[in-house]
Amino acid sequence: MNQKEFEEKFPPLNLPSFNPRLSWKEDKLWIFDSVRKKDLVLTPEEWVRQHWIHFLVGKHGFPKGLISTEKGLIYNRLQKRTDVLIRDQLGDPYLLIECKAPKIPINQKTLEQASVYHHQLKSSFLILSNGFSHIFLQYHEAENKFSQEKDVPKPPICS
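Take 3 as the starting number for the sequence shown in the working numbering and just add one per residue.
As structure tokens, then:
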């Protein structure tokens with residue numbers, strides 16, 4: 003894969019760039035995931051997920067130990083997987099991020115998918131992102147509704 007092909011499939015995103023650890027194995031491109039501490043096949047969605055992890059840990063100070071990726075949950079007897087879930091110091095869901103490949107628009111369907119996960123988890127914040135467009139939402143439990151925010155929430159307070 004040359005540079006042009008790489009950038010078509012994995013374009014520079016509207017997130018801070020970083021220097022990912024990439025490798026070729028089994029005729030596939032792999033990226034090292036510092037949360038799961040292993041190489042993963044690099045897909046456009048994984049490209050977005052890894053940028054978010056790097057951004058939240060490196061630029062916003064989110065503790066890596068509170069981040070989980072691709073965690074399963076059951077909703078209406080169906081197996082689902084969250085893209086990124088950050089818990090607070092008590093272990094409660096704090097921030098849920100639904101990542102899409104850069105070519106997938108962030109729209110009502112994306113919100114509905116993330117809402118299914120949120121219904122189960124009740125995280126305080128929700129981010130929808132395809133790496134270019136980001137929607138930041140805060141959940142207000144008393145009103146059972148979201149409000150749109152302007153930026154990433156602060157990391158949960160860790161004592």
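Note that CB positions come from ideal geometry on N, CA and C, so glycine has one too.
Three-state class that DSSP yields for residue i in the structure shown
{"i": "residue 136", "result": "strand"}
{"i": "residue 145", "result": "coil"}
{"i": "residue 112", "result": "helix"}
{"i": "residue 118", "result": "helix"}
{"i": "residue 100", "result": "strand"}
{"i": "residue 161", "result": "Confidence at residue 161 is low in this model, with a pLDDT of 47, below 50, so its placement is unreliable and no value can be given for it."}
{"i": "residue 127", "result": "strand"}
Opening and closing residue of the alpha helix (DSSP H) in which residue i lies
{"i": "residue 50", "result": "46 to 60"}
Cβ distance (whole Å) where residue i is taken to contact residue j below 8 Å
{"i": "residue 33", "j": "residue 44", "result": "4 Å"}
{"i": "residue 140", "j": "residue 126", "result": "7 Å"}
{"i": "residue 54", "j": "residue 149", "result": "Contact flag wrong, Cβ pair sits at about 21 Å."}
{"i": "residue 98", "j": "residue 128", "result": "5 Å"}
{"i": "residue 107", "j": "residue 133", "result": "Contact doesn't hold; Cβ gap of about 12 Å is too wide."}
First through last residue of the beta strand (DSSP E) which encompasses residue i
{"i": "residue 12", "result": "Careful: residue 12 lies outside any beta strand (DSSP E) and carries neither H nor E."}
{"i": "residue 33", "result": "30 to 35"}
{"i": "residue 41", "result": "40 to 43"}
{"i": "residue 27", "result": "24 to 27"}
{"i": "residue 154", "result": "From DSSP, residue 154 is part of no beta strand (DSSP E); its letter is neither H nor E."}
Residue-level contact to chain C via CB, residue i, 8 Å cutoff
{"i": "residue 145", "result": "Considering every chain present, this structure includes no chain C. It has just one protein chain."}
Residues that residue i bridges to, as DSSP identifies them
{"i": "residue 88", "result": "69, 97"}
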